[in-house]
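Single-structure report; data block below.
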Amino acid sequence: MADTTTRAMVEQLAAIEPAIVIGAGAAGLAVAQALIKAGVPTAILEKESRLAEPWHRRHQQLHLNTHRDLSALPGLAFPKGTPAFPPRNVVIRHMNDFREANRLPVEFGVAVETIMFMGDHWAVRTSTGSRLARHVIVATGRDREPFTPRWTGMQAFTGRIIHSADFGDANTYAGKKVLVVGAGNSGFDALNHLAGVDTAALWLSARNGPALLPKRIGKIAVHRLSPLMARLPLRVADAVMALTQRLVFGDLTKFGMPPAPAGGASRLTSDYTAIAADDGAVGAIKSGKIVVVPPIREFTRDGVVLANGSLVDPDIVIAATGYRTGLERMVGSLDVLDGKGVPLFNGGDADPKLPGLWFTGMRPSIRGCFANAAILAKAIAGRIAGSHPPSGASR
């Protein structure tokens, strides 16, 4: 009987994997590479059937707003001739090249449902069965689930309401009356593309003004200064961004844009609002092609009533209203999420009451998601490798 019990315990210990990464986006790939290089055997579970699925689904015109030199995954530069702001297809290829170059063991078609703390390890329940791990790194992304508000009357509206994630080909909006809701990063991305399309009408409904930077000042790509900006105190970074925005664009409140509620760096930290990048939208606002209007009050059958009581009649409403992590089902019972569903800790920080649980890529960064993925990966791998015995050693 004792031998049977001992054998069962040994089998259970053998089944406990050193590390499981959930999600094979940029953050997941980067942390898996860092762990494997540090000698920690790591499995990567990806619910989709291929890498970069969100990038495959986004519109053809999509580019990174971050410079190629600060957007490559660790140890793999973009190919010679890549544009300064890599386009969607190049990003997809880069992620696949990174996986192949590092021989990362991605298991496709495995959706993680819940993870449970077992005292000294974690139980990961997946669509293909349960697994055990000493460390679980959640890297499913902060843009996992597009979020559209429940506006009053929207069900009766006879036009189309889509999320900015489903923007599609900008040319399909030619001849249409379009209302973009939200002046953040996604809203300006849509507006940058629509500014060059012959729309019948183009409105921007903004509750708050953005922290907005140009992609370039002259020949200088502004994002190349992000490592310096990231080292500044928040109030100094806020002031630098505000001054840059004012010097480059002037006073956008003259064109109906509401003031920003706080500085760009502060909002990035406090409510995870990413900094918007202008690539033509501001010029269209100043020329009158894009008309800035108040927030939405409600929808009617034929249009949208704004906060000031005026009415616009768009054919298409693009909800550039952000995303949610969608982590409530997976980790909601662990008390590790804030009111917006964002993990309370990220990167090398962890909850001492839940050893072995890590999150990466869950918050925006001045540096950009790819550069930040590498920084967080190094921090997490350092923490885990320090607690992981060398191969062959006993625990």
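Taken in order, the sequence shown gives residues 25 to 419; the numbers are from this note's numbering.
For each residue, glycine too, the CB sits at the ideal point set by N, CA and C.
For D167 and T297, I'd like the C-alpha separation in whole angstroms. Within the sequence shown, residue 167 is the residue found at index 143, counting from 1. Within the sequence shown, residue 297 is the residue found at index 273, counting from 1. In a straight line, the C-alpha of D167 is about 12 Å away from that of T297.
Just to confirm, are G165 and G385 a CB contact at a threshold of 8 Å? Start at 1 with the first residue of the sequence shown, and residue 165 comes out as number 141. Start at 1 with the first residue of the sequence shown, and residue 385 comes out as number 361. Less than 8 Å divides the Cβ of G165 from the Cβ of G385.
Output needed for Y347: all residues of its chain with C-beta closer than 8 Å, excluding positions within five of it in sequence on either side, in chain order. Position 323 of the sequence shown holds residue 347. Here the set comprises R166, D167, R168, E169, P170, F171, A189.
Of all the options K200, P285, I309, which has the alpha carbon lying nearest to the alpha carbon of V336? As a first step, residue 336 is located in the sequence shown; it is residue number 312 there, counting from the start. Residue K200 is the option with its Cα nearest to V336.
By DSSP, does K278 sit in helix, in strand, or in coil? Residue numbering aside, residue 278 sits at position 254 when the sequence shown is read from its first letter. In this structure, K278 counts as helix in the three-state DSSP scheme.
Might you give, ordered along the chain, the residues of its own chain that have their beta carbon closer than 8 Å to the beta carbon of S239, omitting 5 neighbours on each side? Position 215 of the sequence shown, counted from the first residue, corresponds to residue 239. For the sequence presented, residue 239 should be read as Lys rather than Ser. Only N89, F109, A245, V246, H247, A301, D302, D303 meet the Cβ criterion.
Below 8 Å CB to CB, which residues in the same chain sit around H118 once its five sequence neighbours on both sides are set aside? In the sequence shown, the residue the question calls residue 118 occupies position 94. A96, L97, L100, F102, P110.
What residue ranges within the segment 96-139 form continuous beta strand (DSSP E) runs of no fewer than 3 residues, ordered along the chain? Segments of the beta strand (DSSP E) lying fully in the segment 96-139: 130-132.
Would DSSP call D262 helix, strand or coil? The count along the sequence shown starts at 1 and reaches residue 262 at position 238. Here DSSP, grouped into helix, strand and coil, assigns D262 to helix.
Is I241 buried or exposed, if buried means 16 or more other CB atoms sit within 10 Å of its CB? By 1-based counting over the sequence shown, the position of residue 241 is 217. By the neighbour-count rule (16 or more Cβ atoms within 10 Å), I241 is not buried but exposed.
In this structure, does DSSP put L37 in helix, strand or coil? Sequence index remark: in the sequence shown, residue 37 carries index 13 (1-based). Legend: pLDDT at L37 = 49, less than 50; position of this residue unreliable, no value from coordinates given.
In terms of DSSP beta bridges, what is L361 paired with? For the purposes of this step, residue 361 is taken as the residue at position 337 of the sequence shown. In the DSSP assignment, L361 is bridged to P367.
Work out the CA separation of A305 and A219 for me, nearest whole Å. Counting from one through the sequence shown, the residue named residue 219 turns up at place 195. Counting from one through the sequence shown, the residue named residue 305 turns up at place 281. Taking the straight line joining both Cα atoms gives about 6 Å.
G153, enclosing beta strand (DSSP E) - first and last residue: Along the sequence shown, one-based indexing puts residue 153 at 129. Start and end: 153-162.
Among the residues of its own chain, which have a CB less than 6 Å from the CB of H217, if the five just before and after it don't count? The count along the sequence shown starts at 1 and reaches residue 217 at position 193. Setting aside the 5 residues that flank it on each side, H217 is surrounded in the same chain by Q85, A194, each with a C-beta closer than 6 Å to its C-beta; the list follows chain order.
In the structure shown, what three-state DSSP assignment does R168 receive? Locating residue 168 in the sequence shown gives position 144, where the first residue counts as 1. Coil, per DSSP.
For S323, tell me which candidate among P107, G333, P257, S210 has the shortest Cα-Cα distance. Position 299 of the sequence shown, counted from the first residue, corresponds to residue 323. Before going further, note that residue 323 is Phe rather than Ser in the sequence given. Of the residues P107, G333, P257, S210, the one whose Cα lies closest to the Cα of F323 is G333.
Which listed residue (L94, L69, E70) has its alpha carbon closest to that of C393: Taking the first residue of the sequence shown as 1, we reach residue 393 at position 369. Here the closest residue by C-alpha is L94.
For the candidate residues M265, A263, V316, whose alpha-carbon lies nearest to that of G280? Counting from 1 along the sequence shown, the entry for residue 280 is found at position 256. Ranking the options by Cα distance to G280, first place goes to V316.
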